[in-house]
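Notes follow once the structure below has been shown.
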Amino acid sequence: MITRAILFLLLLIIDAAAKNSQIKGERGLKGKGYSDDTSSDKSSSKKSSGKGGKEASRKSSSGPSGYEITLKITNLTYQQPFSSFIVILHNRDADPLFVLGEEASNELAILAEEGNPSPLLEKYDGAFGVKYAKVHDMGNPYVGGEVLYITVPYERNYPYIFIASMAINTNDCFVALSGVYLSPGQVLDVLGYDAGTEVNNELCSSIPGPACPSGSGNIRSGNGEGYVHVHRGFKGIGDRLSAADYDWRNPMMKVEVHM
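Each residue of the sequence shown is one higher than the last, beginning at 0 in numbering that gives the first Met the number 0.
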C-alpha cells in the first residue's frame, strides 16, 4: 500500500512538472511571437509614416501646376492715366521694389518719370527669388474709371507680388503694390507714391502724359526730394495743368484678386 501511494505521488509530481513545463513553453513562444509581430508592425508603421510625411512635405512646398490668378485693376482717378504695368511674382528672397523713406532705384525712377517699365523688367526677370516678371501694355494708357484684367500664373512658393505703373500726367508719381501677399478675394486700395527723383514743377516740359501738347518733351527736371514717399497730389503750379483737373485723393487704384 505504501509503495502504491508513493508511486501515485511520484506520478502526480511528474505530471504536474510536465504540464508546468508545457505552459512555460507556450507562454514563451507566444511572448516571442507577439514581440516579433509588434516590432514588425512598428517598423512598417515608421516606414509608411516616414514616406507619407516626405511626400506631404514635398507636396506642400510646391504650388499646383496650371494655377492662375486674375488681377482686376481699376483706375480710381479723374484724369490721371496709368502707363504700362509691370507685374512680378516673387518670394522673400527678391529685392524690394521700393522702401518708403529710402531712395528709389534708377529702374523705378525711369518708370515713375517716363512710364517705361523695361528697366524694371530687365532687373527682375530671372532674378533670384523671382518666378514671373512681365510687362502688360495692351490698351495703355489706362484712363480714369478704366478696368484692366491681368492673368498671371501662381505658385505657393512665390506668393508675393509687385505691381507698378506711372500716373503719366505728373512728374514722377507712380502707383504700386510692393511685396503684398496674395490671397483670394483680396480688395486692395493702392496709394499714389512720389519717387522723389524729380521736383514736382508740373511743367509740361517734364510731364509725358496726354494732358500736355505732343512734342512738349519730357525733360528730367531733377532736384527731387531724394526718397520714396506718399505723393502730395497735383497742385496746379505749372504752366498749363490745373489742380481742378489733375489732382486726386488717395487711393488712386483698386486691385481685386480673383482665382
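Beta carbons are placed, not taken as given, at the ideal position from N, Cα and C, and that holds for glycine.
Sequence-distant residues of the same chain with beta carbon closer than 6 Å to residue i, five excluded per side
i, result
"Leu99", "Val227"
"Ala111", "Met165, Asp171, Phe173 and Ala194"
"Val134", "Ser83, Ile85, Pro116 and Leu120"
"Ala108", "Ala194 and Thr196"
"Ser60", "With a pLDDT of 31 at Ser60, under the threshold of 50, the modelled position of this residue cannot be trusted, and the question is left open."
"Glu255", "Lys71 and Val186"
"Gly235", "Ser241 and Ala242"
"Gly208", "Ile167 and Asn168"
"His257", "Thr69"
"Asp136", "Ser83"
"Phe233", "Ala242, Tyr245 and Asp246"
"Lys53", "With a pLDDT of only 29 at Lys53, under the threshold of 50, the placement of this residue in the model should not be trusted; the figure read from the coordinates follows. None."
"Ser104", "none"
Cut-off 8 Å between Cβ atoms - residues of its own chain near residue i, not counting five sequence neighbours on either side
i, result
"Gly138", "Leu147"
"Arg91", "Gly128 and Tyr159"
Selected residue, minimal CA-CA separation from residue i, among the options
i, options, result
"Asp171", "Val189, Asn222 and Val129", "Asn222"
"Leu240", "Asn115, Met252, Ser205 and His257", "Ser205"
"Gln79", "His257, Arg248, Glu197 and Asp94", "Arg248"
"Asp246", "Pro118, Gly125, Asp124 and Ile167", "Ile167"
"Ala163", "Ala175, Glu154, Thr169 and Arg155", "Ala175"
"Phe265", "Pro183, Gln185, Glu255 and Thr169", "Not covered by the structure: residue 265. The range shown for the chain is 0 to 258."
"Tyr157", "Asn105, Tyr180, Lys234 and Leu107", "Tyr180"
"Gly237", "Phe97, Cys203 and Asn217", "Cys203"
"Pro95", "Thr69, Ile149, Pro152 and Gly178", "Gly178"
"Gly114", "Asn217, Val254 and Tyr159", "Asn217"
"Ala93", "Tyr66, Asn105, Tyr123 and Ile109", "Tyr123"
"His89", "Phe161, Phe97 and Ala242", "Phe161"
"Ser220", "Tyr66, Asn200, Pro118 and Val186", "Asn200"
"Ala242", "Met258, Ala210, Gly214 and Val256", "Ala210"
"Val151", "Asn105, Gly214, Ile68 and Pro207", "Ile68"
"Glu154", "Pro207, Ile87, Tyr66 and Pro118", "Tyr66"
"Gly125", "Gly232, Gly184, Met258 and Ile87", "Ile87"
Residue i - partner residues in DSSP beta bridges
i, result
"Lys310", "For the chain, the structure presents residues 0 to 258; residue 310 sits outside this window and is missing."
"Lys253", "Thr73 and Asp188"
"Tyr159", "His89 and Tyr180"
"Asn105", "According to DSSP, which records beta bridges pairwise, Asn105 is partnered with nothing at all."
"Val151", "Ile68"
"Ala166", "Phe81"
"Ala175", "Ala163"
"Val146", "Thr73"
"Tyr141", "Phe81"
7 Å Cβ shell around residue i - same chain, five flanking residues per side excluded
i, result
"Glu25", "The pLDDT assigned to Glu25 is 38, lower than 50, so where the model puts this residue is not dependable, and the model offers no usable value."
"Gly225", "Glu102 and Gly195"
"Asp188", "Pro250 and Lys253"
"Ile230", "Ile is not the amino acid found at residue 230; the sequence shown has His there. Excluding positions up to five away in sequence, the list reads Cys172, Gly191, Tyr192 and Asp193."
"Pro212", "Cys203"
"Ser44", "Note that Ser44 scores a pLDDT of 34, beneath 50, so its modelled location is shaky and nothing firm can be said."
"Glu106", "Pro118, Leu119 and Lys122"
"Asp244", "Gln78"
"Ser215", "Cys203 and Ser204"
"Ser182", "Val256"
Pairing CB atoms from the region 141-161 with CB atoms from the region 65-75, are three or more of them under 8 Å?
Contact between the region 141-161 and the region 65-75 is established, with three or more Cβ pairs separated by less than 8 Å.
Flag this pair as touching only if the region 196-205 and the region 129-138 have three or more C-beta atom pairs under 8 Å; answer yes or no.
With the cut-off at 8 Å, the region 196-205 and the region 129-138 do not touch.
Segments of 3+ residues assigned as beta strand (DSSP E) that fall wholly inside the region 191-233:
As far as the region 191-233 is concerned, its whole beta strand (DSSP E) runs of at least 3 residues are 191-193.
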